[in-house]
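Right, one structure below, let's go through it.
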Amino acid sequence: MKKTLPVTKTVDRLALITDVVYGQVYPYPGRPINMALTMHVIKPFWADGRQRPALLWLEGGGWMSVGHAVSIPWLMGFAEAGYVVASARYRTSGESKFPAQIEDVKTAIRYLRAHADRYGIDPDRIAVMGQSAGGHLAALAGTTSGTDLFTTETWPGVSSAVSAVVAIAAPTDFLAQLDYPSELNHAGPQSAEALLLGGPLAERRELAAQANPLAYIGQGPLPPFLLIHGDQDEIVAYNQSELLYEALIRQGVEVTLVTLPGVGHTTHPEPWQPPVKAVILEFLQRHLPPS
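Its first residue numbered 41, the sequence shown is counted upward by one per residue in this note's numbering.
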């Protein structure tokens, strides 16, 4: 019998715990085997017994690939600032169609809350952050925060609410993207959106509406949002963040939209530079202070 155990590695003042299983997808038609959902956890390596806020990171990749170890070096800075950081892998569109991805995200949130003592997390202070496709899922987790929407039976009785949301270059209204120029054909049968929804947008309008974070605004209290977007984004139109910003403002939700002038999509290096990270940290420290 072969068995894999998570390994804890100490990196300077941080502990990196790899391949933590936060959920399990059981066999269903088209997938005859079990699938483990995993995350990497970075936590301050201080044995002081304090509970710290948690930050769940969701990588981009057009819902088609999720390299949840890619941003670990960048995320370490948030752990050094006093946050317990988790980078979760969610199911790709090739593995399962929407809403599987947001179901996985909410399962990851509940896992962190259910295991708060294990990782030194304050269960009342969990934020979610993502870029591109991950930003979409972060925004969707935020606008459905505290509801039963997209909730599975994993970790029953545990809330999937979040206390803050950071969405970077996030798609929001898939249908509205068709009105703006893009290097990608969002309407095509092989577009990232079509692969996520199981068909072209023209044939999946109802499901596209369910995937739209704006659809759930106004159904209850929402956490504060920080939106970051390059105004020259050639893949996800800047308007996508504007739409979310305006909808949140109309409902009286605290939201900040940070524009990166002259910056394209998040495959470019600009969004990961120190000034952007400083804006994110200031937002997190204001709403979820580590101390």
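Glycine included, C-beta positions come from ideal geometry on N, C-alpha and C. Quick caveat, the model's predicted, so the values are computed rather than measured.
Short Cβ contact (8 Å threshold) for residue i with residue j
i      : j      : result
Gly170 : Leu215 : no
Val298 : Ile257 : no
Trp94  : Tyr62  : The amino acid occupying residue 94 in the given sequence is Ala; Trp does not appear at that position. No, the pair does not count as a contact, with Cβ atoms beyond the cut-off.
Arg165 : Leu328 : yes
Ala156 : Asp162 : yes
Thr283 : Leu237 : According to the sequence as given, residue 283 is Leu; it is not Thr. Contact: no.
Pro330 : Ala121 : yes
Glu143 : Phe190 : yes
Thr132 : Thr192 : no
Asn252 : Thr212 : yes
Ser222 : Val202 : no
Leu54  : Met116 : yes
Gly182 : Leu247 : no
His108 : Ala128 : yes
Pro264 : Glu294 : yes
Gly197 : Arg90  : no
Tyr130 : Leu177 : yes
Assumed close pair residue i, residue j - CB separation to whole angstroms, cut-off 8 Å
i      : j      : result
Val145 : Ile82  : About 18 Å; that fails the 8 Å criterion.
His80  : Leu96  : Incorrect: roughly 11 Å between the Cβ atoms, too far for contact.
Ala167 : Leu321 : Not confirmed; about 11 Å, so no contact.
Contact set for residue i: own chain, Cβ-Cβ below 6 Å, skip 5 residues either direction
i      : result
Gly102 : Ala173 and Ala232
Tyr278 : His269 and Asp271
Leu180 : Ile142 and Pro253
Thr44  : Confidence in Thr44 is poor, its pLDDT being 49 and thus under 50, which makes the residue's placement unreliable; the coordinate value appears in the next sentence. None.
Status (buried if at least 16 other CB within 10 Å, exposed otherwise) for residue i
i      : result
Trp195 : buried
Ala76  : exposed
Ile289 : exposed
Arg150 : buried
Arg245 : exposed
Asp88  : exposed
Asp188 : exposed
Pro301 : exposed
Ser105 : exposed
Gln280 : buried
Gly134 : exposed
Ala287 : buried
Arg326 : exposed
Gly100 : buried
Gly260 : exposed
Nonlocal neighbours in the same chain, by C-beta distance under 8 Å from residue i, ignoring five residues either side
i      : result
His305 : Ser172, Ala209, Gly270, Asp273, Glu274, Ile275 and Val276
Leu241 : Phe214, Leu215, Leu218, His226, Ala227, Ser231, Glu233, Ala234 and Ala248
Gly239 : Pro229
is_contact[residue i, chain B] using C-beta, thresh 8 Å
i      : result
Arg153 : The structure shown contains no chain B; it holds only a single protein chain.
Cutoff 7 Å; reference residue i; Cβ partners in own chain excluding five residues on either side
i      : result
Trp114 : Trp312
Pro84  : Arg53, Leu54, Arg92, Ala119 and Gly122
Quick check: the stretch 193 to 206 against the stretch 221 to 233, are at least 3 beta-carbon pairs closer than 8 Å?
Counting Cβ pairs under 8 Å, fewer than three are found: no touch.
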